[in-house]
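**Student:**
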Amino acid sequence: MNDLAPYHPATPLAQREDLRVGEGWVRPALLTVEGPRGSAKAEPRVIQVLLALADARGRVLSRDDLLRLCWDNRIVGDDAVNRAIAGVRRLAQATGAGFEVETVPRVGYRLTGLDWEAAPELASGRPDRIDRRTLLAGGAAALVVAAGGGIALVQRQRSARIDALIERGRVIQGSGGPQAQVRAEALFSEAIRRDDGRADAWGWLAAVLGDYAAAREAAQQALARDPREPNARTVLAFQQRDLEAWTRWEDALLGVLGDAPDCAAALAHLTFFYQGMGRCKASWEMNERAIAVEPFNPTHHYRRATKHYIFGRVGEADKVADRAVQLWSRNGNVWNARMLIYAFTDRAEAGLALLSDTAVRPVNLTAPSIEAWRATLAAVANRAAIPRAVEVYERVAPLAIGLAANAIMTFSYLGEVDTAYRFAEALFVNQGAAVQRNRAGSIDDMYARGSWGRTQFLFIPAAAPMRADARFPGLCQRLGHVAYWRTRGVWPDPFVRGAIDPARLG
């Protein structure tokens, strides 16, 4: 049966070219069928079955054929094939694409309602092919016109296919699903392979690459093709942070948003930066804009939950955090936000239940982090456990930047301000016994990322006792925050200033 359908499940849908089927277009990379009545989306398996039937060009495919082509010969129930066929029929009805699925009793299924002789060779991936009847009817003049129009059509369709790859990659990278960045990288790389002149593909590739050098190279490739490509500009600006004045870095990102207001990467970086500068309201606004662009990116939603907590809306924080855990279980940032809100609103029991729930706990949460959170929650439940928490954090905080940050929040929240400052001195100015053994992290743990060591957590409610302390302005002076505030003429929001007095420091 191999000659019936050239489509094979080893071909990813993202790499499958768009097909004209009847009066509609099947766009595999977008999981979409478009027709006279509109467009409709379907699950990947439904699109696979539709492709297999279309590639068969009216011939009957048995259930075994479909299992081989669309399920890779895996054992599935009869209902799986029935549901997929029903899904194809719903697509035809919703879009008015002009095809039907006929059930041939005790044999299989085939597409009907199409003139297969007149239709282009769907399996060739060239729906733009000039039809033989047109050439015969129109003579040489028609051939010239058709050839010119065909070239333009080929170019439009090629561009549309690349657009589809980039759009699919953009959606995936913002979904937060398993291996989302890797999957998106493959799509952007395929778009570049098809047309390496696409600056937007290079820019998106730069945005999802984890390796700094590779991301920088991709960004430079994008800017060589379009000096205003927003993702590439954002990547290079991000890598320059701390290499130059923060105001210049901020101006670069604001410039990106001036040209591309929906650049999610620039919005996300400014959300994080403003929170670390105590500009919580500006951070909230940037994050809400990011959510409007990428509504299913878990990063924006864990930040929304944390910001509700910052603004004292604990009920709203709980709703967002609980839903985020359901949608993105095992996501480290989401899990951390849920734990942080529990711990620092005096709900140790709920925090312990979350810590014990292995179904949602991040896989890269290692023993030192689990021990540290247990110590925090025990001390929150019973202040007599504070000495034990100090002992635990003195041992684990040097292993990962995020554990040092958790120590600062924990002891500030517990009123142990001197201890909190001791860990802050170690993390931020490299003084004391709790200094990081390796700034890249001594353990393979979710808290080993350098971003945990920024100052965003200094402006959450748990750190209020630290901010109220007379030492806080001096710490901010050493960190460079005061210089930034003076230059910008914008100080932390009044409700998080603590001991910061703009009249004295300005």
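To convert a position in the sequence shown, counted from 1, into this note's numbering, add 1069.
Even glycine gets a Cβ: it sits at the ideal position worked out from N, Cα and C.
#1: Under DSSP, the beta strand (DSSP E) around W1094 begins and ends at which residues?
#2: Using DSSP bridges, identify the partner residues of E1354.
#3: Starting from the Cα of W1271, find the closest Cα among A1333, S1438, Q1289 and P1174 and give me that residue.
#4: For E1092, which residues from the same chain have a beta carbon less than 6 Å from its beta carbon, with the 5 sequence-adjacent residues on both sides left out?
#5: Taking just the CA atoms, how far does V1559 sit from A1264?
#6: Report the rounded CA-to-CA distance for A1428 versus A1422, giving the unit in angstroms.
#7: Any idea if N1400 is buried or exposed, counting beta-carbon neighbours within 10 angstroms, 16 or more meaning buried?
#8: Under the assumption that R1536 contacts A1568 (Cβ atoms under 8 Å), give the Cβ distance between them as a whole number of angstroms.
#9: R1508 to A1314, Cα distance in whole Å?
#10: Applying the criterion that 16 or more other CB atoms from any shown protein chain within 10 Å of the CB defines a buried residue, is A1210 buried or exposed?
#11: Spell out the partners DSSP gives E1313 in its beta bridges.
#12: Considering only DSSP beta bridges, list what V1170 is partnered with.
#13: I need the straight-line Cα distance from G1575 to L1312, nearest angstrom please.
#14: Is A1306 closer than 7 Å to A1329 when the C-beta atoms are compared?
#15: For A1109 and P1097, I'd like the C-alpha separation in whole angstroms.
#16: Run the CB neighbour count on A1291, radius 10 Å, all protein chains shown included, and call it buried at 16 or more, exposed below.
#17: Once the 5 residues before and after E1190 are set aside, which same chain residues still bring their CB inside 6 Å of it?
#18: Between which two residues does the beta strand (DSSP E) harbouring V1363 extend?
#19: Work out the CA separation of A1260 and R1230 for me, nearest whole Å.
#20: Taking only the alpha-carbon atoms, compute the straight-line gap between V1102 and D1426 and give it to the nearest angstrom.
#21: Of the residues V1498, D1487, A1444 and G1484, which one's Cα is nearest the Cα of L1472?
#22: Tell me whether the beta-carbon of L1099 lies closer than 7 Å to the beta-carbon of A1233.
**Tutor:** So, from the data block:
#1: Segment G1093 to R1096, the beta strand (DSSP E) holding W1094.
#2: Under DSSP, E1354 shares a beta bridge with no residue.
#3: With respect to the C-alpha of W1271, the residue from A1333, S1438, Q1289 and P1174 having the closest C-alpha is Q1289.
#4: Counting only Cβ-Cβ distances below 6 Å, and skipping sequence neighbours, we find G1104, P1105, A1166 and G1167.
#5: It should be noted that the sequence gives Asp, not Ala, for residue 1264. Answer to the nearest angstrom: the Cα atoms are 45 Å apart.
#6: The alpha-carbon atoms of A1428 and A1422 are separated by roughly 11 Å.
#7: With 16 or more other Cβ atoms within 10 Å, it is buried.
#8: Cβ atoms of R1536 and A1568 come within 8 Å of each other, at about 6 Å.
#9: Rounded to whole angstroms, R1508 to A1314 spans 22 Å at the Cα level.
#10: Here the model assigns A1210 a pLDDT of 44, short of 50, so the residue's position is not dependable, and the following value carries that caveat. Classified as exposed, A1210 has fewer than 16 neighbouring CB atoms from the shown chains inside 10 Å of its CB.
#11: Paired residues: R1310.
#12: The beta-bridge partner set that DSSP reports for V1170 consists of L1180.
#13: Here the alpha carbon of G1575 sits roughly 24 Å from the alpha carbon of L1312.
#14: Contact: no.
#15: Rounded to whole angstroms, A1109 to P1097 spans 12 Å at the Cα level.
#16: Counting every other CB atom within 10 Å of its CB across the protein chains shown gives A1291 a total of 16 or more, marking it as buried.
#17: Since pLDDT at E1190 reaches only 43, below the 50 mark, its modelled position is unreliable, and no value is offered.
#18: According to the sequence provided, residue 1363 is Glu. The question's Val does not apply to it. E1363 -> no beta strand (DSSP E), and no H or E assigned at all.
#19: R1230 and A1260: Cα-Cα distance of roughly 8 Å.
#20: In this structure, the CA atom of V1102 is about 41 Å from the CA atom of D1426.
#21: The shortest C-alpha separation from L1472 is found at A1444.
#22: Here L1099 is near A1233, since their CB atoms are less than 7 Å apart.
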